[in-house]
Every structure is written in C-alpha cells, then in structure tokens.
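Chains as they are written, first to last, in my numbering: chain A, 2 to 329; chain B, 2 to 329; chain C, 2 to 329; chain D, 2 to 329.
Note that the Cβ used here is the ideal one computed from N, Cα and C, for glycine as well.
Predicted, not measured: the structure shown is a model, and the values here were computed from it.
Protein chains: 4
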Amino acid sequence: MTLKFALLGAGRIGKVHARAISGNPDAELAFVADAVADAAKAISEQYGCRVSTIDEIAADPTVDAVIICTPTNTHADLIEKFAQAGKAIFCEKPVDLDVTRAEACLKVVRETGAKLMLGFQRRYDPHFSAVKKAITDGRIGDVEMIQIVSRDPGAPPMDYIKSSGGIFRDMTIHDFDMARFLLDEEPVTVYATASVLTDKAIKGVDFDSASVTLTTASGKHCTISNSRRATYGYDQRVEVHGSKGTVAVENQRPVTIDVATAEGFTRPALHDFFMTRYVEAYAAEIAALVSVVKGGASPSPSGEDGLRALVLADAAFRSAKQGVVVTL
Amino acid sequence: MTLKFALLGAGRIGKVHARAISGNPDAELAFVADAVADAAKAISEQYGCRVSTIDEIAADPTVDAVIICTPTNTHADLIEKFAQAGKAIFCEKPVDLDVTRAEACLKVVRETGAKLMLGFQRRYDPHFSAVKKAITDGRIGDVEMIQIVSRDPGAPPMDYIKSSGGIFRDMTIHDFDMARFLLDEEPVTVYATASVLTDKAIKGVDFDSASVTLTTASGKHCTISNSRRATYGYDQRVEVHGSKGTVAVENQRPVTIDVATAEGFTRPALHDFFMTRYVEAYAAEIAALVSVVKGGASPSPSGEDGLRALVLADAAFRSAKQGVVVTL
Amino acid sequence: MTLKFALLGAGRIGKVHARAISGNPDAELAFVADAVADAAKAISEQYGCRVSTIDEIAADPTVDAVIICTPTNTHADLIEKFAQAGKAIFCEKPVDLDVTRAEACLKVVRETGAKLMLGFQRRYDPHFSAVKKAITDGRIGDVEMIQIVSRDPGAPPMDYIKSSGGIFRDMTIHDFDMARFLLDEEPVTVYATASVLTDKAIKGVDFDSASVTLTTASGKHCTISNSRRATYGYDQRVEVHGSKGTVAVENQRPVTIDVATAEGFTRPALHDFFMTRYVEAYAAEIAALVSVVKGGASPSPSGEDGLRALVLADAAFRSAKQGVVVTL
Amino acid sequence: MTLKFALLGAGRIGKVHARAISGNPDAELAFVADAVADAAKAISEQYGCRVSTIDEIAADPTVDAVIICTPTNTHADLIEKFAQAGKAIFCEKPVDLDVTRAEACLKVVRETGAKLMLGFQRRYDPHFSAVKKAITDGRIGDVEMIQIVSRDPGAPPMDYIKSSGGIFRDMTIHDFDMARFLLDEEPVTVYATASVLTDKAIKGVDFDSASVTLTTASGKHCTISNSRRATYGYDQRVEVHGSKGTVAVENQRPVTIDVATAEGFTRPALHDFFMTRYVEAYAAEIAALVSVVKGGASPSPSGEDGLRALVLADAAFRSAKQGVVVTL
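1. Would you mind sorting B:P62 into buried or exposed? The rule is 16 or more other CB atoms within 10 Å of its CB.
2. Contact criterion: CB-CB distance below 8 Å. Does B:P269 meet it with respect to chain C?
3. Can you list the residues of chain C that B:T169 reaches, using a CB-CB cut of under 7 Å?
4. Taking the alpha-carbon of D:A86 as reference, which of D:M172, D:V110, D:P95 has the nearest alpha-carbon?
5. Spell out whether any CB of chain D is found under 8 Å from the CB atom of B:Y235.
6. Please report whether the beta-carbon of C:H272 lies at a distance below 8 Å from any beta-carbon of chain D.
7. Buried or exposed: which applies to D:P158, given that a residue is buried once 16 or more other Cβ atoms fall within 10 Å of its Cβ?
8. In three-state DSSP terms, what is A:T217?
9. In whole angstroms, what is the alpha-carbon distance linking C:E187 and C:R181?
10. List the residues of chain C that B:G246 touches, going by C-beta distances under 7 Å, in chain order.
11. Taking the continuous beta strand (DSSP E) assigned at B:G243, which residues delimit it?
12. Just checking, does the stretch 139-157 of chain B make contact with the stretch 290-306 of chain B on the three C-beta pairs under 8 Å criterion?
13. According to a CB-to-CB cut-off of less than 8 Å, which residues of the stretch 186-207 of chain C neighbour chain A?
14. So with Cβ pairs under 8 Å, would you call A:T277 a contact of chain D?
15. Which residue marks the beginning of the alpha helix (DSSP H) containing D:R111, and which one marks its end?
16. Measuring straight from C-alpha to C-alpha, what distance separates B:T267 and D:A77?
17. In the structure shown, what three-state DSSP assignment does A:M2 receive?
18. Under 8 Å, do D:Y235 and D:V213 count as touching if we go by C-beta distance?
19. If distances are taken between C-alpha atoms only, which option among A:Y48, A:L311, A:A316, A:V144 comes closest to C:L198?
20. Counting along the chain, where does the alpha helix (DSSP H) carrying A:I162 start and finish?
21. For C:G398, I'd like the list of residues in its chain whose CB is within less than 7 Å of its CB, leaving aside the five on either flank, ordered along the chain.
22. Strictly under 8 Å for the Cβ-Cβ distance: is B:T232 near chain C by that measure?
23. So what does B:Q148 bridge to, in DSSP terms?
24. Which term fits A:E286, buried or exposed, when burial requires 16 or more other beta carbons within 10 angstroms of its beta carbon?
25. From the DSSP output, read off the bridge partner residues of B:F32.
26. So what does DSSP say about A:A374, is it helix, strand or coil?
27. In the DSSP assignment, what residue or residues form a beta bridge with B:M118?
28. Between which two residues does the beta strand (DSSP E) containing A:P188 stretch?
29. Tell me whether B:A21 sits in a helix, a strand or coil according to DSSP, three-state version.
30. Using a cut-off of 7 Å between C-beta atoms, extract the partners of C:G155 located in chain B.
31. Beta-carbon separation of C:A84 and C:T113 under 8 Å?
32. Rounded to whole angstroms, what is the Cα-Cα separation between C:I225 and C:E281?
33. Using a cut-off of 7 Å between C-beta atoms, extract the partners of D:H128 located in chain C.
34. C:V100 CB to nearest chain D CB: under 8 Å?
35. What do you get for D:T137, buried or exposed, if any count of 16 or more other CB atoms within 10 angstroms of its CB means buried?
36. Please list the terminal residues of the continuous alpha helix (DSSP H) segment that includes D:I69.
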C-alpha cells in the first residue's frame, strides 16, 4: 500500500523531501502547499502532485502523513493542527524556538496519540548510523568521550540568522541530537564558548564559531566544534572513543580522485552542503517515516528528542553569554 | 520536453536503467518488453509504464529511444531494427561477440544515421570522469602509463560464463574501453596472460584471472589486472601516470567509518557490485543519452568505441591462448 | 666543534635522549649520572661515556650542556645549580609542579643568563612542526579554532600517577604547550572537565579522561581531549581551523599496510608510545639545542613556555575540581 | 660481541651503510676503503674508522664482514677475493651484469662456504616485510596476482645510465627480487615492453618507462610498472591479491599533514629517494647481516637470489627489444 504524503513548505528543504518521497516505492507525494504559489507550482509540476492548502490537506481523509517544512514559527501550530487531524507528522527541527511552547505542543501530540518524527536527518545517514551500530554491536566497548566537528561551508544570509534562534538552536542543535543519540545518556552540564570569527557583520546578532562540552552523570564527555565557514566544504565528522576502541565517520566528497604532482597529493573538496551530503539520509528518513506510519516502528527522533536538543541549545546559549557552566 | 523511453529486457541491468530513467526529469519510461512476462510486469508496476512488444515499440511514433538490455546474441538484430525504425538506441555492450557481425550492424547504423550509444557506464562515473577531466585539464601533463585494476566480488553463474564470450569480452572489455578513453590513442600491441585461480570449475570454459598490457605507437603502456573474485567487494581502480603527475581513482565503499581497536583500524568492505557502485554513473549515462537524443551531443561511447574494445578483447584472447604478443 | 653533553638521569626518557645525542654529528654524550648505579652503567656501556656525579659534571669546564631527566622534584634545584655553573640546560617538563617554585627557578635562570630549553618535544616532531609552518606560511589564513586529541595507550603505574601532579600537569601539559605554540596568543579562560573512566583504581588519586577548552582574548578556541587509554596505540592529533582552511596532523603507525578481506580493510595499530612515535622529534630537539648552545638560536620552548603551560594545567585542575570556568 | 665491518666504496650507498652500521649496537665500522681518498676520509672522520685498502682489509684477521659498494664491474672480483679470505660478504646488487660471470662467482662462494648476502634492501623495509608476513600468516590465502609500482623521482645521470646495464638490470631488478620474494614460486615467462617517455636524451641508450608481466607454472601473475620520473616523489608500492584478500603497502611520506582549502585537501609529496625512504630497511638489513655472521641465520637475499633476479632482468630486456614473450 502506497502512503499519501502532503508537503507543507516548498522551499530548499521542502524540495529535498519531495525528492526523497518520490524515490520511495511505498510513498507518493500527493499534495503540496506553500504561501508562495510559484514554489508550490514548481514542486507540483516536477513530481506530479496537486497544489493544495493546509486546511484542505488537514481535512482530506486520503492523506496519511504531512511533511512540515514551513518557517519555524509555524511549526508548533501546524503540528497541533495535524495531530488533531489524525495525520502522521514529520516536522523539520525545531518544534519551536521557545521551550515552553514546544512543551505545550508535545502535550497535544501525546494527548492525540499522533505520530511525530523530528527532522534530525543525520541519524539516518549511512555513515553516522554505522557509527551507532558499531557502538550497539559492542565494537568499541563502553562509550567514554565523543568529538563532533560540524562546519558549514558558509554562513546563511543575515535575515535567516536573525530569525534562526542563533547558532546553538539552528546549527549546533543537530550536534546536540547526535550527542544524545550516541551518548545514550542525558547530559547534565553544558559549557559553551562562542565568538564571531568568520564575518564581523554577525557581531551582536549571533556567533559563528562555537565550542561546547557536555558531560553526563557517569562522567562521559562530548565536545562539539562548530564554525559557520569551512573553505573546503561541508565538514561533518564524529568520533566516539570507548573502552575497547574508537569509531569515526570520515568526511564525504562527491569526487574521490587523488592527483599527485610536485606540489603534493590533492583530493577534491567535500560536499557543498547538506542537500548533497545527506541525500541518502533524507531517503532513509522517509523510509523510516513510512515504517512509522505503517505501524511498527516508533518515531526516532521523537518530539521529545527535539525538545531535549532544544533545552541543550538554550543552556549552551546561556553558558556562552554568561561565561558559566550550566547544570541541567 | 520529456523523452519517451522503451526498455527492452527487464533483467538485472534492465532494472538498473529503469531506475535511472525514472530519476531523470527529462525522461519517461513509457514501455517495457521482455520475453519473461513476469519480469516485464514487475518493471511495469514499479515505474508505471506499459508492457509492450518489440514490434509495437518499433512501430510506435511516440517512442524516442530504446534501451537494449536483452541477451547479447540479440543485440545486433535489435540495433538494426530500431536504427531502421528511426529510434535513438542505447545498447548494453557488446554489439555482438563476433567482430564481423558487429561491423555489419554498425554499417546499418551509419547508413540509417541512427544515434547509437554503448553501455560502458564507467565513463560516466563521477570519479572516473574526474580522472579524464584532470587529464584534459593538463593537471598531470602527457599521459604515459595507466594501471587499471578491476576485480569482481565473485564469478557469475557457469551458464552466464558459457555464453559470455569469455572474461576478455565480458569483463575486461570495460577496462579496454576505459584504457582507450584515457589513453586517447589506439593500442597497437596486446599481451595477455590468463589463468584459472579462483574456481577450478571454470577450467576449460573460461579464465578467471587475467593480466593484460597494451602499448600505443607513441610508447604509452596500459596494464589491466582482472580477477573474478575479491573477498572485500567490487574493486574498481585506475591510475594514470603522466609527465607532470599522477591521478588515481580511489575505491568506493557504501559506508565510510573507521573502527580502531587493539587489532588495528578497520574500514568496511567496498560496494558489493556494479548495481550499487555505479548508481551515479547509470544516472549520468541516461542524462547523456537525453542530450544525444535532444540533438547536441554525439554518442559517447559510440558503436565504433564498442567495436574497438571488442577487437582488443579478441586480441587479448588470442594472446592468452597462444602465449604471444598480438600486433593490431 | 662537537659539544659535550652530560645526561642526568638514566631512566626511560634519559635513554631516549642518549640515543638522540649519539646520533647527532655535533654532539657527544660525555657523561652520565644517576642515583641508580646500574642505570648509569648501562648508558655508559652502550654509548661509551663516563659515569660521573652531578657535582663533578657541574665543575667540569669541558661540559657544554646538561640534559636533566631526573625526577620532577629535583628539576628546579638542578636547573639553578647548572645555571650558576654556566652550562646550557635542557630539562624535561616541568620546571616544578609548584608555580611559585618554578618562578623562583626561572628568576635564577634569567639572572645567570643561562640558556634553558624545556622538553616539549612535539614542537620538533616533523608533522607538528609542519602544521606550525603551514600556519606561518599563511596556508590556512588566521587561526580560529584548534582541536587536540591526545590519548595514551595505557595509564602509567599508580606510583607514577601519585607523584605526577595529576593528568593536567603530567599529560595535558604537552597539549597546553602545543595549544600556545599554535594559537600564538595566550589563553584567557580555561574550562576543564575530567573523570575516571578507564580504571576505577585511579579514582580519588587522579583523573584519566579530560576535556579542556581554552579561549583567547580575540575569541579563538582550543579544545583538548585526553584519555589515558587507547587500545589502538598512541593517538596524537591536532587540527587547526583557520579563515582560509584547515591543517591536520595524521596519526603515525610503524607499519602502513592495508589488508582487505571479507571483514573489511585493516591497517595496523599506531605506535605503542612516545619513545617510538617521537624518535624524529627527540633527534630534532637535540639538534635545536645544539644550535642554541652554539649561539644563534634562542631556546624554544623556553623556561617561560614551561611556566605558562603549568599555569594552564593548574587552572584546568581548579576548573575540573570546582566545575567552574577559570579566568587567567 | 661487536662485529668489525669494513666498507668498500664510500659513495652514496656506502654512506647509507656506514650510517646503518654505526647505529647497530652489535656492529662497528672499523675500516673504509675507496679509490677516491677524500670520500674514504669523509667516512673515516664521521664514524671514527680507519682508512685502509682492499688488500689490507682482506688480510686483517679482525675483520668479520665487508660491505661492497664499489662500482658494479668490481663486484664479482671482490666477492671472490673476500670469500677466499674467509670474510662474510654483503654486496650491493648485482653480482655482475653478466650472468655467466655471476654464476662463476657464486661457484667460488659455494666452494669457499662464504656467507654472501645481496643488497635488495626492500625485503627488510618494515612495510614490505609486513606484506610478506601477512602472506605467510595466511591473512590473504593463496597468492594469485601481484602488482608492483616502482617509480624514481628522476632519471640518474647519463653516465650512470650508460654503465648501469639498463633499466631492467638497474631498477626493475629490485622489483624482480620483490616479485620472487612474494610469489614464492619461480616465474616461467617474462613479457616486457619499454619506451622512452620522460627524457628523449635517453633514447638509444636505455628505456625510462617499462611494464613487465611475469607468470608462474601454477598460473600466478605479477605485473611491474616502472618509470624513471615521478614528480611527486619516490613511489614504491606493492599489492598482493590472494584467495582470501589483498594486502597492499601504502606509500611513505616524510611529513603527513593534510591541508584543506578551497582547492581541496593536500598532503605533501613522498620521500625524495631511497636514502630517506629506506632508512629503516638499511638498518634492518645490517641487523640481519649481523645475525648471519654470528651464525644462526642464512643470508637472505642470497647470491642465488641475486642471480635469479638478474636472469629475469635479461629476459625482460630481450622481451622488450624483440617484442616477444620469453620462456625461461
């Protein structure tokens, strides 16, 4: 049975999901809605789906699941609306930039029994999920220390930055989710330091460079290193050190040739950003969502996972602003 | 304008092309034909195309191009039929196992002015094509020596081997095309040695291990190393040594983690075979075919390229059988 | 002119320096002194030098330089003694575990004008010094963020740990020196968290796992990750992220083969510890010392460098103990 | 007991051995002889050994072993002289450029019972010997196919080339020895093709680019690829494919940093030549010689190994000249 999906929001990440849905044999992109008519039309033409509205989609009994890719400040309202409409929901992170609002929204989700999955796609990347599997398979023993390096090729536009909630809620939040995913234990302290190093225009608005350390009750550590600018491409690494060994994800590049000359050995730069780096992750994410909707699996990451990552982001922001260690 | 494709042959490689066509925004898989009804039906259901027959497809004016994935002994007849029907043609290698028959077929192609592209997909792999680009960009100077290593994970079934034309026409032929593609000069001598090392059952029927050396008039060399069995996956490498440097393709693996323990650092095995290793190549191949059909580009590899690779395969076979150097 | 060296302390690290001196064409190991007669004798026989005493060596006008490899609690006294005797001095880190005592000692060094070089050998490792050179050559632009990973294969004996001053003064101190060397700016805040993860017996005596973050006035960050146990060998990495790019040191292994089987691709473990990992660094360190003694070069790292690394270690210890960020 | 060595020939490779001997605790460089007085004097001063003559060394009962690094045309005579003098002999390859002369020389060695070890140092390189060990440990099963790539950074001076015996006897001979070492079975056919690609001045005198294929009676293959010019340094690789897997030696570089910029990821060039690449091999070679002289071990590679490599070189030369496959 093919599931019918509706896409809410036809922007950059909406397109990514439309492509992933169209490539899944058990999913069909049936509807698309966007405040910008042209954006919705483009998706409609490329994938042969109908342009619709949020209300129509909520009311349509044939719709199995919605993919929420609208602006962040609409997420909580839409989640609640579709939870009440009995649809399965996939929502891009975060539920809301405000923890209280997010909690209220998740209460509705619980009460309606709606299936909600959050968009931390890295959990579904074949390389990152292989790291998780190496851990659960016992190959490195007990997890002790984690290093996450996450660098964007370049900073987003200033408008985006202003409404993003800041680097910790916008960028590091993916690393917080990864940290929780791999630590398998909740962080109890957060230390963060952040500065503006890549673009002075960001000063006063946000940070562009951040280092974060999380610790857990049992004494595990996780350090996260973020920069908004990496000249060599989208840098996405994680390394987990355990009692029996270490497992690391290597960076991915679209072309893997090695050119040796008198100047040395040169391999090409990395992927240019998440749309190409995480193609397989987005596909696997939709496949996981299909499993959730069809019944068996429970959503991962859940709304609760999204909330906890947000709490860490808030703590990191406070730590960086005040120069203190925050205890949760 | 979306081009209408018909798929002839719904076996292993046919499925690969069906998937590539369905992922191309300018192509539509309209028809499928296969002697095995169930095979055609499976493709039909997965991609929403019609089951048809070769004659209907040839007669249908809406069909722009055919993809020939039928058994080798039908290739030349089908190419001629569809050339005469005025369709663009993509045919899996080889045109025919017999050089004379292949030449006759290509004569028909020339006379009809049909567009014929051969299925040496490696030319379209992003890594191999980056090697070609590094050469044409002058990064390694003049090409001098090439090493190609090509090892399959395991030997095909004995039935397949028996009708395959032997390792040189079936497996090495891809390497001969790559050699010609990168040398940019025709080989004039061929030396090959071959033996049965991986499976004694192959003895008397074919070889499973082969080393080939090609030389050109200007003194360039190319060595090819083939084995039908590599325990660690599908091994596909090429290295080109030039006057200013060397360019090499690294092997691809589906998962790139590195696990370090007391036993050392372990990365996972390579792709299991061409269907996963060359996903991007098959997609790019179809995109190239679309460009050919739409008008601008000339087919690469052409029918002539297929013929020349076959001539090298025949020479290699004679060299290996007789223990002599064959001059072309 | 060959310089005459005297070695004070014939233990593990003393042997390393004896070997480095014997391999230097401008240096001669003339004397060795050790409280343990057999240890001194072993060095004497292997390198053909005389067993002597500290007082004799200080009084001998032919001695150009001394290498202090005695227990830490003797360092400051010996540095002062040999500074007053007019010898060039190389001393293993630290000058003293107590900052006040170290400052008093360095005052004597300044007053006597003695040449004092501290034993942070990593600065002389060809790989780490190539990182420094890449930075000063401008290849990565302005330094922004540094990651140092430093893991020992296994914890030292409990007796050693007890008198070592703790992980920050004993192990991380090398990383603090490397951080200062590469940041080229003094840290102004120190955050450290530490725990006992590898061996419960260490609990209450010391930590075995530590994460440290340093920040500078201009907003640069450096994170350090330490563990006393790495099953796969001596893990020594650094990565410097700058405005134009990133430079990283790869780990070294004594044997670099890659074995591919059905289980994957396996490379051997890393070096077993500093004696084999830093052979070239120790040789280059002695060569640098020769240059210092012969006149031109100023000692690097200096006694002042040693002091500053110690101050960072003390701050890290306080941060880890009290769970606060320490401002210097 | 320290063994007394005499060095015959104080040129480039003589210096390499002098250094290796001086670093071996069981060996002492006691004498050096060279037709060029200054060359002998330089070694004498650096290592504190006596300048002597060939006759004196042969007559001196305290000399345990001689290291022959004189011009090739003196090797056979010197081996015979020192065999008759009862010394252990290490001789740089080849015994002689003429097989008949080499055979006569080895006859004398056998009759005198002299211990003779040939200078194919790669067998003692830690990386190549780890490949051999991986094979004998059964990690890759039965050896099937070998690829050797061996490229020099640049061609030697024309004078050297003229008296070298040609690329096969001078350069490929090391690869022939490695092939025999790893195949563990004698080659029965040799095919070689060679050309002048790197420097036209070599034309008519020698080749600078060669591809060789060896086969054994059981059907194993070995291909060798040689070039006299590699802009990126001294390229020394081998890969052995077996029934259970493959083992490969990675290239060595003196500095292993990786610089990532917008242009990609760049690692430095390889070693500049054998003097730096094979430092550890030369040291291990002397250690092996010490074991041979002290009694237990039999020389590896032996004089017979040297002869067999020379026979392969002669066959390759004939194959390349005449364009035929040579059967041994």
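Let's see:
1. exposed
2. yes
3. Residue identity check: residue 169 of chain B is Phe in the sequence provided, not Thr. The contacting residues do not exist; B:F169 stays about 25 Å from chain C at best.
4. D:V110
5. no
6. no
7. exposed
8. strand
9. 6 Å
10. Those do not exist, as B:G246 stays about 20 Å from chain C at its closest Cβ, beyond 7 Å.
11. 236-243
12. no
13. T190, Y192, T194, S196, V197, L198, T199
14. no
15. 100-113
16. 48 Å
17. coil
18. no
19. A:V144
20. 159-164
21. Look at the range of chain C in this structure, 2 to 329, and you will see that residue 398 of chain C is not part of it.
22. yes
23. B:T224, B:E240
24. buried
25. B:A7, B:R51
26. Here chain A comprises residues numbered 2 to 329, so residue 374 of chain A is not present and cannot be evaluated.
27. B:F91, B:S303
28. 188-196
29. helix
30. Residues of chain B passing the Cβ test: none, with the nearest at roughly 11 Å.
31. yes
32. 24 Å
33. V256, T257, I258
34. no
35. exposed
36. D:I69 -> not in any alpha helix (DSSP H); beta strand (DSSP E) instead, spanning 66-69.
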